[in-house]
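Student: Got a structure for you, questions after.
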Amino acid sequence: MTDPLGSRLADIDERIAAAAGSVGRDAAEICRIVVTKFHGAELVRRLSALGVRDVGENRQQELNAKVDELHDLTGVNWHFVGQAQTNKARAIRRVASVVHSLDRARLADAFEAAAGPGDPQLDVLIQVNLTDDAGRGGVAEADVRELAEHVAGLPSLRVRGVMGVAAVGVAPAASFARLARSAEALRSAVPDARWISAGMSGDFEEAIVAGATHLRIGTAITGTRPDRG
Ligand SMILES: *Cc1c(COP(=O)(O)O)cnc(C)c1O
Numbered sequence: 676m677t678d679p680l681g682s683r684l685a686d687i688d689e690r691i692a693a694a695a696g697s698v699g700r701d702a703a704e705i706c707r708i709v710v711t712k713f714h715g716a717e718l719v720r721r722l723s724a725l726g727v728r729d730v731g732e733n734r735q736q737e738l739n740a741k742v743d744e745l746h747d748l749t750g751v752n753w754h755f756v757g758q759a760q761t762n763k764a765r766a767i768r769r770v771a772s773v774v775h776s777l778d779r780a781r782l783a784d785a786f787e788a789a790a791g792p793g794d795p796q797l798d799v800l801i802q803v804n805l806t807d808d809a810g811r812g813g814v815a816e817a818d819v820r821e822l823a824e825h826v827a828g829l830p831s832l833r834v835r836g837v838m839g840v841a842a843v844g845v846a847p848a849a850s851f852a853r854l855a856r857s858a859e860a861l862r863s864a865v866p867d868a869r870w871i872s873a874g875m876s877g878d879f880e881e882a883i884v885a886g887a888t889h890l891r892i893g894t895a896i897t898g899t900r901p902d903r904g
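Heads up: the sequence shown runs through residues 676 to 904, numbered per this note's numbering.
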C-alpha cells in the first residue's frame with residue numbers, strides 16, 4: 676500500500692527535523708540530497724514525484740547517462756559528489772548544479788576552462804580529507820585555504836563551502852569537528868562560503884549537530900544499492 680521509498684524518505688526527513696530541532700536549527704535551512712548512484716534513472720523519477728529536488732551522483736558517466744535518460748524531467752538539481760577527472764569536467768559542468776568534490780587546483784582550472792560563454796557560475800565545495808591517509812579523496816586540511824584562494828580567483832566558479840566524508844573507525848562527531856575547523860579556515864579566505872556538506876546514511880544526525888547544511892544520503896532512503904563495482 677504505502678510506497679516503501681516514500682516512507683523511508685518521510686522517516687529520514689523526520690529524523691533530520693528532530694536532529695535540527697535538538698540543536699535549535701531550522702530543518703528548512705538544510706538541503707537533503709538523495710544519492711542515487713548505482714540505481715537506475717527510474718528511481719530518480721520516483722523520487723522526483725515524491726518531491727525530491729536534490730539528487731547526488733558520484734560517477735560522471737552515470738550522472739550524464741541519467742540526465743540524458745531523464746531529459747523530460749524538470750526541477751531536479753544534480754549534485755556531483757565523486758572523484759572527478761579533469762577530462763570529464765566539461766561533461767560534469769554541463770549538467771551539475773553543484774560539485775561537492777573539488778580537491779585540487781588542476782580540477783578547478785578544468786571546470787573553469789569548461790565554462791561556456793554566458794554560463795552561470797558553478798557552485799563548488801572544497802572536499803577536505805578528514806583522515807590521516809593522504810590517498811583518500813580531498814585536500815589536506817593544511818591546504819584548504821590555499822586551494823580556496825585559487826578557486827576564488829576563477830570567475831566562473833563560486834566557492835560555497837567545504838565537503839567531507841567522516842573517517843572510518845572514529846566517532847563521526849570527531850570527523851565533523853575537524854570539518855568545522857576547515858570550514859572556518861575557508862571562511863577566512865572566502866567569508867560568504869558557509870555551506871558544509873557532511874553526513875551520509877549512517878551519520879547525518881551527528882553532521883546536523885555539527886552544523887552541516889547539505890546532507891548526502893543514499894541507502895537510508897533508496898534502500899540497498901544494486902552491486903556495481
Ligand atoms: C554514496 C555516497 C554517499 C551516500 O552514502 P550512503 O551511505 O548510502 O548514505 C554520500 N557521499 C558520497 C561522496 C558518496 O559517494
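Each residue gets a CB set at the ideal place from its N, CA and C atoms; glycine is no exception.
(1) Out of Arg862, Arg769 and Asp729, which has the shortest C-alpha to C-alpha gap to threonine 711?
(2) Provide the residue span of the beta strand (DSSP E) that contains leucine 725, from first to last.
(3) Quick one: measure Cβ to Cβ for valine 884 and valine 698, integer angstroms, because I've assumed they're closer than 8 angstroms.
(4) Might you give, ordered along the chain, the residues of its own chain that have their beta carbon closer than 8 angstroms to the beta carbon of glycine 812, omitting 5 neighbours on each side?
(5) Answer yes or no: do leucine 854 and alanine 873 have a C-beta to C-beta separation smaller than 7 angstroms?
(6) Check whether the Cβ of arginine 835 lies closer than 6 angstroms to any heavy atom of ligand 1, and answer yes or no.
(7) Confirm the yes/no value for this check: CB of arginine 734, any heavy atom of ligand 1, distance under 6 angstroms.
(8) Measuring only the C-alpha atoms, how far is histidine 889 from alanine 817?
(9) Residue range of the beta strand (DSSP E) that leucine 832 falls in?
(10) Which one of Gly886, Gln796 and Asp688 has the shortest CA to CA distance from leucine 832?
(11) Relative to ligand 1, is the shortest distance from any of its heavy atoms to the C-beta of arginine 891 smaller than 6 angstroms?
(12) Jot down the residue ranges of each uninterrupted alpha helix (DSSP H) in the region 790-855, minimum 4 residues, whole runs only, in chain order.
(13) Measuring CB to CB, does isoleucine 871 end up less than 7 angstroms from valine 837?
(14) By the 10 Å Cβ neighbour count, where 16 or more other Cβ atoms means buried, how is glutamine 736 classified, buried or exposed?
(15) Is valine 756 near isoleucine 896, with beta carbons less than 7 angstroms apart?
(16) Find the nearest neighbour of leucine 782 within the set Thr761, Gly791 and Arg769, judged by alpha-carbon distance.
(17) For arginine 856, does the count of other Cβ atoms within 10 angstroms reach 16, so buried, or fall short, so exposed?
(18) Where does arginine 700 fall in DSSP's three states?
Tutor: So, from the listed chains and residues:
(1) Asp729
(2) Taken as a continuous stretch (DSSP letters only), leucine 725 belongs to no beta strand (DSSP E), as it is neither H nor E.
(3) 5 angstroms
(4) Gln758, Ser776, Asp778, Gln802, Asn804 and Val840
(5) yes
(6) no
(7) no
(8) 23 angstroms
(9) 832-839
(10) Gln796
(11) yes
(12) 819-827
(13) yes
(14) exposed
(15) no
(16) Thr761
(17) exposed
(18) coil
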